[in-house]
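Scroll down for the structure; my scribbles are underneath it.
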Amino acid sequence: MTRFSPRAILLASAIAVAPLSAAWADTPADVLVVAGTIDDIISLDPAQSFEFSGNDVTQNLYSRLVDFDPLNLEAGFQPSLAEKWEVSEDGKTITLTLREGVTFQSGNPVRAEDAAWSLQRAVKLDKSPAFILTQFGLTPDNVDQMVKADGNTVSITMDQPYAQSFVLNCLSASVASVIDKETVMQHVEGEDMGNTWLTTNSAGSGAYALAAWRPNEVVQLTAFDGYFGGAPKMKRVIVKNVQESSAQRLQLEAGDIDVARNLTPSDIEGVTGKEGIVIKDEPRGRILYMGMSQRDPMLSQAPVQQAMRHLIDFEGMANSFLKGQWKIHQNFIPEGYLGASDENPWKYDVEAAKKILADAGITNATITTKVRDLREYLDVAQTIQASMAQAGLTLNIEQMTGAQVLDAYRAREVPIFLGEWGPDYADPQTNAGTFAWNPDNEGKGSTLAWRNSYAVPAAMQETVKAATLEGDSDKRKQMYLDIQSEYRADAPILPLFQRVEQAAMRDTVQGWSAGGAVTSVMYHQVTKGE
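Residue numbers are given in our numbering: position 281 of the sequence shown equals residue 313, and the series is strictly consecutive.
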């Protein structure tokens with residue numbers, strides 16, 4: 033494991049806790065200091081990490097068999113630890129050949145054995161992100177037979193001939209990170225396969241090693257000069273937990289940080305045009321949507337669903353309190369993914385909504401929404417409330433904590449749900465498989481369709497399943513476009529906006545990427561000029 037001198041540790045700690053003062057008018061040239069909200073990190077074990085901030089860290093600690101180029105995300109997955117791959121004639125086995133000469137941060141060589149063991153381990157631990165791998169028919173009982181190392185290759189055998197793009201997109205996820213088996217096995221406690229140790233330590237071959245993580249305070253990374261992609265220019269990365277937008281803005285203006293990731297639209301406006309500060313916009317994969325429960329007697333009526341499509345003031349919200357940080361997107365596959373659609377046919381038209389309701393004999397109704405106590409969500413709810421009132425519909429808004437809302441939503445007890453969905457991996461199936469998949473509407477489920485009691489048409493679900501098996505990428509893309517076209521017409525779950533991250537940074541920072549819509553933040557390509 034990389035060793036750090038006392039001086040290096042003291043310097044990193046000083047930067048992490050530095051007050052707003054002229055002493056840090058400029059951060060060191062080889063240190064990147066980022067302010068964000070990182071209080072959601074639970075574990076830094078890639079087999080367990082499933083939160084946005086945790087994945088931001090593991091993205092940089094570990095390498096995967098395939099990955100994304102942060103400066104060319106549109107190119108899709110690229111070779112990483114695997115330099116090439118081939119698929120068997122029956123389409124059920126993919127064999128990946130590892131590149132030679134790659135080492136972990138411990139100095140141990142990266143072997144096919146490590147890659148196979150890492151995938152086997154994730155399946156056996158069966159933490160939250162394990163489904164990304166188990167959806168290919170891998171189980172704790174069969175994974176040792178289905179995932180094997182042979183010399184410099186690792187083979188993965190699946191229960192069906194899934195699309196190559198589907199498989200490789202999933203192998204770019206954090207849960208598929210390749211871990212240093214020899215190092216981790218020295219820290220096993222009971223049957224945990226090193227999970228306890230890896231929560232606060234790293235054993236990867238990524239561009240950075242973990243120097244420290246203090247929950248709700250700071251993450252410190254140090255560069256791995258032996259990284260196979262080239263030694264990072266930033267020798268340290270300090271990510272500070274700064275909850276308030278105003279505090280992030282002040283630290284950015286003072287030069288105490290290089291990047292502020294969570295400024296509100298008003299603070300973005302406040303720093304726009306200021307000398308030494310630039311703004312970078314990146315569409316992310318998160319979708320803000322409205323779910324209409326089909327258990328509600330009013331919302332289950334098609335005319336009400338159609339009327340609601342005309343009672344969303346898309347332009348008004350996008351140009352006011354959501355300005356710059358959400359873009360209109362009426363499709364469940366985000367921009368940046370295979371099969372993403374730019375069709376946005378729903379238009380704000382109260383008169384059209386009133387006519388639809390009148391023709392159906394609906395003159396008034398009262399509906400409830402339970403909303404998380406976040407300003408964005410409440411503003412959206414109140415805007416919709418005002419629009420509905422003009423059409424004779426009353427929307428009761430019940431404000432709750434995030435945990436309370438999610439508990440009620442997962443129990444199918446929220447008539448109108450307003451919230452976000454973030455993709456779990458970089459493939460369109462991650463969203464198609466939750467917005468348009470509900471094989472047992474009467475049983476126990478977890479997809480968004482199930483939570484809204486939406487009995488997805490059988491033909492649509494058949495197409496969703498078929499798309500995972502379609503090997504021709506152009507045909508697969510068209511299948512997702514067709515699914516979304518049908519979905520927009522009739523589904524009771526309405527995608528509304530796609531998240532745009534506005535990172536404010538010092539103009540010396542070059543090569544910044546938050547990961548776009550498909551992955552997490554990456555630091556190894558970042559440089560700082562004059």
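Glycine residues also receive a C-beta, built at the ideal position from the N, C-alpha and C atoms. These numbers come from a predicted model, not from an experiment.
Assuming residue i and residue j make a contact with CB atoms under 8 angstroms, what is their CB distance in whole Å?
| i | j | result |
| --- | --- | --- |
| residue 403 | residue 437 | 7 angstroms |
| residue 87 | residue 204 | Their Cβ separation, rounded to whole angstroms, is 12 angstroms, which puts residue 87 and residue 204 out of contact at 8 angstroms. |
| residue 415 | residue 340 | Not confirmed; about 13 angstroms, so no contact. |
| residue 300 | residue 226 | Contact flag wrong, Cβ pair sits at about 42 angstroms. |
| residue 457 | residue 371 | At roughly 14 angstroms, the Cβ-Cβ gap does not stay under 8 angstroms, so residue 457 and residue 371 are not in contact. |
| residue 175 | residue 147 | Incorrect: roughly 13 angstroms between the Cβ atoms, too far for contact. |
| residue 290 | residue 538 | 5 angstroms |
| residue 275 | residue 479 | Contact doesn't hold; Cβ gap of about 32 angstroms is too wide. |
| residue 120 | residue 505 | In fact, because the Cβ distance is near 19 angstroms, the residues do not count as touching under 8 angstroms. |
| residue 559 | residue 265 | 5 angstroms |
| residue 77 | residue 304 | In fact, because the Cβ distance is near 39 angstroms, the residues do not count as touching under 8 angstroms. |
| residue 398 | residue 100 | With 8 angstroms as the limit, residue 398 and residue 100 do not qualify as a contact, their Cβ atoms being about 47 angstroms apart. |
| residue 362 | residue 508 | With 8 angstroms as the limit, residue 362 and residue 508 do not qualify as a contact, their Cβ atoms being about 21 angstroms apart. |
For residue i, which residues from the same chain have a beta carbon less than 7 angstroms from its beta carbon, with the 5 sequence-adjacent residues on both sides left out?
| i | result |
| --- | --- |
| residue 53 | For residue 53, the predicted model reports a pLDDT of 35, less than 50, meaning its position is unreliable and no value from the coordinates is stated. |
| residue 44 | Here residue 44 scores only 42 on pLDDT, less than 50, and its place in the model is too uncertain to base an answer on. |
| residue 194 | 168, 500, 501 |
| residue 345 | 380, 415, 419 |
| residue 417 | 427, 429 |
| residue 200 | 98, 109 |
| residue 395 | 424 |
| residue 127 | 117, 118, 185, 187 |
| residue 308 | 538, 539 |
| residue 219 | 226, 229 |
| residue 469 | 479, 481, 488, 493, 496 |
| residue 330 | 336, 397, 399 |
| residue 191 | 168, 169 |
| residue 261 | 239, 556 |
Between which residues of its own chain and residue i is the CB-CB distance below 6 angstroms, once the five residues before and five after are set aside?
| i | result |
| --- | --- |
| residue 102 | 545, 554, 557 |
| residue 441 | 449, 483 |
| residue 411 | 353 |
| residue 241 | 34, 137, 234, 254, 256 |
| residue 318 | 452, 454, 531 |
| residue 80 | 159 |
| residue 364 | 463, 467, 527 |
| residue 40 | Bear in mind that a pLDDT of 38 at residue 40, under 50, signals an unreliable position, so the number given afterwards is only what the model happens to contain. Same-chain partners within the cutoff: there are none. |
| residue 89 | 76, 251 |
Give the DSSP bridge partners of residue i, in chain order.
| i | result |
| --- | --- |
| residue 314 | 533 |
| residue 129 | 116, 185 |
| residue 425 | 397 |
| residue 321 | 451, 527 |
| residue 432 | 404 |
| residue 143 | Answer is none; residue 143 lacks a bridge partner. |
| residue 98 | 111 |
| residue 68 | 273 |
| residue 105 | In DSSP, residue 105 forms no bridge with anything. |
| residue 457 | Paired residue(s): none; residue 457 is not in a bridge. |
Grab me the residues of residue i's own chain with a C-beta within less than 8 angstroms of its C-beta, minus the 5 sequence neighbours each way, in chain order.
| i | result |
| --- | --- |
| residue 306 | 285 |
| residue 517 | 373, 375 |
| residue 122 | 193 |
| residue 164 | 202, 205, 207, 208, 456, 457 |
| residue 326 | 332, 484, 485, 486, 487, 524 |
| residue 94 | 78, 206, 209, 210, 211, 234, 236, 237, 238 |
| residue 366 | 315, 316, 317, 318, 319, 372, 455, 463, 530, 549 |
Flag this pair as yes or no: are the beta carbons of residue i and residue j separated by less than 8 angstroms?
| i | j | result |
| --- | --- | --- |
| residue 259 | residue 235 | no |
| residue 324 | residue 489 | no |
| residue 315 | residue 549 | yes |
| residue 423 | residue 392 | no |
| residue 413 | residue 400 | no |
| residue 293 | residue 66 | yes |
| residue 112 | residue 96 | yes |
| residue 73 | residue 247 | yes |
| residue 144 | residue 154 | no |
| residue 295 | residue 529 | no |
| residue 228 | residue 189 | no |
| residue 151 | residue 142 | no |
| residue 472 | residue 433 | no |
| residue 388 | residue 447 | no |
| residue 460 | residue 369 | yes |
Using 8 angstroms as the limit for Cβ to Cβ distance, is residue i near chain C?
| i | result |
| --- | --- |
| residue 397 | No chain C is part of this structure, which consists of one protein chain only. |
Are the region 481-496 and the region 276-284 in contact at 8 angstroms, needing three or more beta carbon pairs?
-> no
Report yes or no: do the region 124-141 and the region 210-217 share at least 3 C-beta pairs separated by less than 8 angstroms?
-> yes
Would you call the region 143-158 and the region 450-469 in contact, with 3 or more CB pairs under 8 angstroms?
-> no
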